[in-house]
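All remarks here apply to the structure that follows.
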Amino acid sequence: MQEEYGPATALLVVDVQNDFADPAGGLAVGGGEEILPVLDEEIAAARAAGAFVAYTQDWHPPATPHFAKDGGAWPVHCVGGTWGAELHPGLVAGAGPAVRKGTNGEDGYSGFTMRDPVSGATVPTELAGLLRSRGIQRIVVGGLATDYCVRSTVLDAIALGYETHVLVEGVRAVDLAPGDGERALAEMERAGARLVRRPAGAAAADGPP
Ligand SMILES: [Zn+2]
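Take any residue in the sequence shown, count from 1 to its spot, add 6: that is its number in this note's numbering.
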C-alpha cells in the first residue's frame with residue numbers, strides 16, 4: 007500500500023460509474039475497469055484506518071447542454087436513475103456517502119463545484135462541508151476521468167487548501183486528444199498535487215491474467 011490513511015484523510019472515488027467504467031457504457035473510458043482492483047484496495051485500506059471515503063457521481067438530467075444532442079460536447083451519459091449512473095458493481099461501495107454533481111444541468115466536472123453551462127455560475131456541492139465537518143486535511147483521489155472530473159476535483163481540492171494526492175494507477179483518461187491524460191497529471195502536479203505511484207510489483211497493478 008502506497009498511501010497511509012488516517013482519520014484526517016479522505017479518499018475521493020471520482021465517477022466510477024457504469025457509463026465511464028464499463029466498456030458498454032455511454033462514455034466508456036479506455037481501461038476504466040483496470041482501476042477497480044486498485045481502488046478497492048485503497049478503499050479497504052482507508053476504511054481500516056478510519057479514513058473518510060466519499061464517492062462522486064455524475065448525475066445528469068435526460069436533457070442538458072452538457073450533452074452533444076443538446077448542443078454540448080458529450081454523448082449521453084450518467085442520466086440520474088439509469089444503469090449508467092450507478093457505481094460500477096466491481097467497486098467496494100457503501101463505505102461512504104455519494105456526492106452527486108451535474109444534477110441541475112451543470113457540466114459538473116468537479117466533485118466540489120458545479121458550473122452552470124449557460125451562465126457559468128459556480129455552485130458548491132455538499133462535499134466541502136462533509137470534509138470540513140470531519141476535520142479532513144489530506145485528500146487522496148482516484149477514478150474517472152483523469153483529464154476531466156479527476157482533474158477538476160483535484161484542482162479544486164488544492165485551491166481549498168488540502169494536501170492532495172492522485173493515485174496514478176487509480177485513474178484513466180478520456181484522451182480526446184492523445185496525451186490529454188498525461189498533460190492533466192502534469193498540470194495537477196504543477197498546481198501542487200502529489201502523484202502517487204504504486205511500488206513496482208504491487209498485486210493489483212498486475213491486472214487480470
Ligand atoms: Zn457528465
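Quick reminder that beta carbons are idealized off the backbone N, C-alpha and C, glycines included.
Exposure label - residue i; buried when at least 16 CB within 10 Å
| i | result |
| --- | --- |
| Thr128 | exposed |
| Ala57 | buried |
| Gly176 | buried |
| Gly187 | buried |
| Trp80 | buried |
| Gly149 | buried |
| Leu182 | exposed |
| Lys107 | buried |
Span separating the alpha-carbon of residue i from that of residue j
| i | j | result |
| --- | --- | --- |
| Ala192 | Val146 | 17 angstroms |
| His83 | Gly111 | 12 angstroms |
| Ala30 | Pro13 | 37 angstroms |
| Ala54 | Gly102 | 13 angstroms |
| Thr119 | Pro130 | 4 angstroms |
| Gly126 | Gly185 | 27 angstroms |
| Glu40 | Arg178 | 9 angstroms |
Range of the contiguous alpha helix (DSSP H) that encloses residue i
| i | result |
| --- | --- |
| Thr15 | Taken as a continuous stretch (DSSP letters only), Thr15 belongs to no alpha helix (DSSP H), being part of the beta strand (DSSP E) at 15-20. |
| Leu191 | 186-197 |
| Pro43 | 42-54 |
| Asp25 | 24-27 |
Range of the contiguous beta strand (DSSP E) that encloses residue i
| i | result |
| --- | --- |
| Phe58 | 58-64 |
| Leu201 | 200-202 |
What residue ranges within the region 136-176 form continuous alpha helix (DSSP H) runs of no fewer than 4 residues, ordered along the chain? 157-165
List, from N- to C-terminal side, the beta strand (DSSP E) runs of 3 residues or more that fit wholly inside the region 71-135. 104-107, 119-121, 128-130
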